[in-house]
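Start counting the sequence shown at 72; every next residue gets the next number (this note's numbering).
We put the CB at the ideal spot given by N, CA and C, even for glycine.
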Amino acid sequence: MAALEPRLIRRLDQDTEWLALDPVRARALREAGVHSMMVVPLSARGVVLGLVCFYRAQCPDAYEDDDLALAVQLAARTAVCLDNARLYSRDHSAGQLLQFSLRPPEIPAHTAVETAHSYLPSGPSGDWFDVLPRAAAVMGEIRAAIGALAALDLEPDELLERLHAARHPARRPTDPA
Numbered sequence: 072m073a074a075l076e077p078r079l080i081r082r083l084d085q086d087t088e089w090l091a092l093d094p095v096r097a098r099a100l101r102e103a104g105v106h107s108m109m110v111v112p113l114s115a116r117g118v119v120l121g122l123v124c125f126y127r128a129q130c131p132d133a134y135e136d137d138d139l140a141l142a143v144q145l146a147a148r149t150a151v152c153l154d155n156a157r158l159y160s161r162d163h164s165a166g167q168l169l170q171f172s173l174r175p176p177e178i179p180a181h182t183a184v185e186t187a188h189s190y191l192p193s194g195p196s197g198d199w200f201d202v203l204p205r206a207a208a209v210m211g212e213i214r215a216a217i218g219a220l221a222a223l224d225l226e227p228d229e230l231l232e233r234l235h236a237a238r239h240p241a242r243r244p245t246d247p248a
């Protein structure tokens, strides 16, 4: 398998050299009545993901070249699916780390509002202390705006009104004169 080539073994003899090196597997194959097999590597995008083995025991016919061609196609599609899952898992983990790193290290105390928080990742869209589902860039903008407005020590309703006006400039409230 070092060459990553599929192998067709039409007739599996119990005294085959490579099988003699693995007596446990040889006994299991013999007990199952395996007489023909195919071994196909699972590789995609230059990454070896594993090996798939097809055994024939019940059917008296041996595997043929057509069977091997089908097994190679099946293994190729399976390898791409497995590699996609591997890549998704890697990217998902990186996304979760990014989300976690966007949290502020500590929540500042303010006299105008009592703050409580918890962190529950909401998925690929991002989150902000599980209150506002937003993308990562918007989360940073909101955090900066709230920090700046909170420093003014405004009443909560006025702080929220100004935050809303900052996010929606076309709907700015009229200043009382």
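- In summary, Tyr159 is exposed, with fewer than 16 beta-carbon neighbours lying within 10 Å of its beta-carbon over all protein chains present.
- In the three-state DSSP reduction, Leu234 falls in the helix class (H, G or I).
- Within its own chain, the residues whose Cβ lies closer than 8 Å to the Cβ of Arg233, once the five positions on either side in sequence are excluded, are Leu220 and Leu225, listed in chain order.
- Within the stretch 89 to 115, the complete beta strand (DSSP E) segments at least 3 residues long are 107 to 115, listed from N- to C-terminus.
- No Cβ-Cβ contact shorter than 8 Å links Arg78 with His106.
- One alpha carbon belongs to Leu230, the other to Ile217, and they sit about 8 Å apart.
- Burial check for Ala150: the Cβ neighbour count within 10 Å reaches 16 or more, so the residue is buried.
- In the DSSP assignment, Cys152 falls within the unbroken alpha helix (DSSP H) covering Asp136 to Ser172.
- For the pair Leu92 and Arg98, the Cα-to-Cα distance works out to about 12 Å.
- Nearest to Cys130 by alpha-carbon distance, out of Ala115, Val143, Arg161 and Ala103, is Ala103.
- Its Cα nearest to that of Leu145, the residue Ser114 stands out among Ala237, Ser114 and Pro227.
- When beta bridges are read from the DSSP output, Val123 appears opposite Val111.
- Classified as buried, Ala142 has 16 or more neighbouring CB atoms from the shown chains inside 10 Å of its CB.
- Rounded to whole angstroms, the gap between the alpha carbons of Leu168 and Arg161 is 11 Å.
- Per the C-alpha coordinates, the member of Ala183, Ala237 and His239 positioned closest to Asp228 is Ala183.
- Among the bridge pairs identified by DSSP, Leu75 is matched with none.
- The residue from Gln170, His235, Glu212 and Leu75 with its alpha-carbon nearest to that of Val119 is Leu75.
- By the C-beta density criterion, Val95 is exposed, having fewer than 16 other C-beta atoms within 10 angstroms.
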